[in-house]
Amino acid sequence: MSTQKPIADNLFTWPSDSPKLIGSKDTETGRYFFPAKNSNHHEKVELSNKGKLWTWTVQRFLPKTPYIEQVAPEDFKPYAVGYIELPGEIMVESRLVGIDPKELEIGMEMELTIEPFVKNEEGEELLIFAFKPSVN
Amino acid sequence: MTDVAIVGIGIHPFGRTDGVSGLQQGVHAAKEALSDAEIEWKDIEFAYGGSSAAGSADTMVSELGLTGVPFMNVSNGCATGGSALLSAYTTIKSGQFDIGMAVGFDKHPRGAFNADPEAAGLQKWYGETGLMLTTQFFGMKIQRYMHDYGITSDALALVAEKAFNNGSLNPNAWRRDPVSKEDILNGMMVSDPLTKFMFCSPAEGAVALILCRADIASKFTTKPLYLKGAAFRSRPLGSFEVFSPSLEIERGPSPTVGAAKATFEMAGISHEDIDLAQLQDTESGAEIMHMAENGFCKDGDQEKMLQDGDTNIDGKLPVNTDGGCIANGEPVGASGLRQVYENCVQLRGAAGKRQVPNNPKTAYTHVYGAPGISACTIITN
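Residue numbers (my numbering), protein chains in the order written: chain A, 123 to 258; chain B, 6 to 386.
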């Protein structure tokens, strides 16, 4: 099994049995930010791993750079994208997995998952965050 | 303080013009505007201009003439043209100069725009993982809006159908063939719920306008038009904008709401006075949402308005009479000025087959773009 690592540092807690997105909270205003902001009045926070689908679409054509998946346009598999409302915190933009886009509905319960994305030049598998329908 | 008049207009046809650079298209539009005002480049006391991908506007002096004119470059994304116009307006209002030019042009490669996360203040992973696409944003914004206000895909198709119909009546448009509502709905899905016919494409084109003090306008034209209001806003907290890895849960107004309000206040007129409007239609859903964001209807009213043909050329409030971005494409630096150009043509009564009936007197423009900017104008005759 190849080594796995998050596509970027400080994006989500990893390795972890219960990974969370890493955001920050402005200690002056109470506003949440994702990704986390580096500032002397921001504290790092682990965001809720469950939320509701606020809106969605499907990416149906192969994106140009800076997209890094190496694939021929005819082999490209469309992927769903949406915003998940994490209650009391913030809405985060994310890939949506584990569901046929035809079944997506605004308001449905979603939960965080960490998914393999592509391999880098060193053969390491890069991990991204995504949301999938909640099981319960 | 003097009012500001528009006394000359020029355009280079939109679409694809192989072998002609964006700058050359800008020069073409500038010369046409000078000729329209029956003046020469040496009469121009100042100029503002810009493009997003086709070079610096001020280098046009090597084609137009080395008169020493102060020519300032404007770079403001989709509001480049609008910002050039607003700058020209303010310059004349201030009394610094009496007559000048605003010009916008562009030339983009085919296909969706390339985005650079770091140039937009974002982290690399956002682009690398395929989240940084304008098309996704447009799909997601209208998806939520349809859910909240009962707008249907049928309405999205009606907007595009109207754009192609109007474009077919506009010799300067890129897309000049009508496309049926059924073909629009059955077109390739790009970003749900938007099909390929509902999106505008990056393109080429240029527009130039000559502005002057209103009290000297009659020297240049028998039909001066007056720029009564012009305002620009960036995004307030809580607006839903392109390239947002996260959004505030508490939703707020878009930058359009603020720009529209400021423009109406500046002009001192109400929405009922507007005879026609050019509203940013990057895709069908944008035109629908912008009808409400600019205050021309309530959220959700657009469905019936479109079904009733209210925004057709012969409707109660004609919208995007030249075919908008959908039929003209989006040369970023030129789009905002194209809208003003079209309003000038309409208010002069010179729009031919696409002329809005009953002698329109007051016209509105609205441009919107990344990363959450909006500029509006009101022009009267």
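We put the CB at the ideal spot given by N, CA and C, even for glycine.
Buried versus exposed call for residue i [16 or more other C-beta atoms within 10 Å across all chains shown]
i	result
N299 (chain B)	buried
G73 (chain B)	exposed
N325 (chain B)	buried
S249 (chain B)	buried
A160 (chain B)	buried
K47 (chain B)	exposed
H113 (chain B)	buried
E45 (chain B)	exposed
M193 (chain B)	exposed
V184 (chain B)	buried
N317 (chain B)	buried
E288 (chain B)	buried
E22 (chain B)	Per the sequence shown, residue 22 (chain B) should be read as Thr rather than Glu. The residue is buried, with at least 16 neighbouring Cβ atoms inside 10 Å.
A194 (chain A)	exposed
H33 (chain B)	buried
R115 (chain B)	exposed
T261 (chain B)	buried
Pair within 8 Å by beta-carbon distance, residue i and residue j
i	j	result
K241 (chain A)	E247 (chain A)	yes
A410 (chain B)	L216 (chain B)	Any question about residue 410 (chain B) goes unanswered here, given that chain B covers just 6 to 386.
T134 (chain B)	F183 (chain A)	no
D286 (chain B)	C205 (chain B)	yes
A35 (chain B)	V12 (chain B)	no
I172 (chain A)	E231 (chain A)	One detail in the question is off: residue 172 (chain A) reads as Lys in this sequence, not Ile. For K172 (chain A) and E231 (chain A), yes; Cβs fall inside 8 Å.
A89 (chain B)	A211 (chain B)	no
A282 (chain B)	A368 (chain B)	yes
I104 (chain B)	I49 (chain B)	yes
T7 (chain B)	L230 (chain B)	no
L143 (chain A)	L234 (chain A)	yes
K167 (chain B)	D280 (chain B)	no
S170 (chain A)	E211 (chain A)	yes
W178 (chain A)	V203 (chain A)	yes
G328 (chain B)	N175 (chain B)	yes
E215 (chain A)	Y201 (chain A)	no
L284 (chain B)	G86 (chain B)	no
T149 (chain A)	E165 (chain A)	yes
I156 (chain B)	Q307 (chain B)	yes
Rounded separation between residue i and residue j - CA only
i	j	result
A178 (chain B)	G109 (chain B)	16 Å
Q312 (chain B)	Y154 (chain B)	15 Å
R217 (chain A)	L214 (chain B)	44 Å
E253 (chain B)	G374 (chain B)	20 Å
I129 (chain A)	F301 (chain B)	45 Å
H276 (chain B)	Q192 (chain A)	51 Å
T151 (chain A)	R256 (chain B)	16 Å
G263 (chain B)	Q128 (chain B)	29 Å
A265 (chain B)	V350 (chain B)	22 Å
L91 (chain B)	S56 (chain B)	15 Å
A52 (chain B)	T370 (chain B)	21 Å
V180 (chain A)	I228 (chain A)	14 Å
Q69 (chain B)	Q344 (chain B)	Per the sequence presented here, residue 69 (chain B) reads as Leu, with Gln not at that position. Looking at the two C-alpha atoms, the distance is approximately 24 Å.
E37 (chain B)	I16 (chain B)	7 Å
P258 (chain B)	R153 (chain A)	18 Å
R181 (chain B)	N348 (chain B)	19 Å
D111 (chain B)	A158 (chain A)	36 Å
Residue interval of the alpha helix (DSSP H) (run including residue i)
i	result
Y189 (chain A)	Premise fails: Y189 (chain A) is in no alpha helix (DSSP H) and is neither H nor E.
K129 (chain B)	129-133
C217 (chain B)	Not the alpha helix (DSSP H): C217 (chain B) falls in the beta strand (DSSP E), residues 209-218.
A267 (chain B)	260-272
I97 (chain B)	85-98
G145 (chain A)	Looking at the DSSP string, G145 (chain A) is not in any alpha helix (DSSP H); the run it does join, the beta strand (DSSP E), is 144-148.
G341 (chain B)	337-352
L184 (chain A)	Careful: L184 (chain A) lies outside any alpha helix (DSSP H) and carries neither H nor E.
N333 (chain B)	329-333
L293 (chain B)	According to the sequence shown, residue 293 (chain B) is Ile rather than Leu. Per DSSP, I293 (chain B) belongs to the alpha helix (DSSP H) from 289-298.
V66 (chain B)	66-69
T139 (chain B)	139-154
Residue-level contact to chain E via CB, residue i, 8 Å cutoff
i	result
I228 (chain A)	Protein chains in the displayed structure are A and B, and chain E is not among them.
The beta strand (DSSP E) enclosing residue i, as first and last residue numbers
i	result
D188 (chain B)	Segment 186-191 is the alpha helix (DSSP H) holding D188 (chain B); no beta strand (DSSP E) there.
H70 (chain A)	Because chain A is modelled from 123 through 258, residue 70 (chain A) falls outside the range shown and cannot be assessed.
A125 (chain B)	Here A125 (chain B) belongs to no beta strand (DSSP E), and DSSP marks it neither H nor E.
S196 (chain B)	194-196
H371 (chain B)	367-374
Is the region 231-247 of chain B touching the region 369-382 of chain B in the sense that three or more CB pairs, one from each, lie closer than 8 Å? yes
Quick check: the region 268-276 of chain B against the region 139-149 of chain B, are at least 3 beta-carbon pairs closer than 8 Å? no
Report yes or no: do three or more beta-carbon pairs, one from the region 343-359 of chain B and one from the region 93-101 of chain B, lie closer than 8 Å? no
Just checking, does the region 359-367 of chain B make contact with the region 130-145 of chain B on the three C-beta pairs under 8 Å criterion? Taking a cut-off of 8 Å for Cβ pairs, the region 359-367 of chain B and the region 130-145 of chain B do not touch, as fewer than three such pairs fall below it.
Assess contact between the region 77-85 of chain B and the region 198-212 of chain B, defined as three or more Cβ pairs (one per stretch) separated by less than 8 Å. Is contact present? Counting Cβ pairs under 8 Å, fewer than three are found: no touch.
Touching or not, the region 245-260 of chain B and the region 319-333 of chain B, by the rule of three or more beta carbon pairs under 8 Å? no
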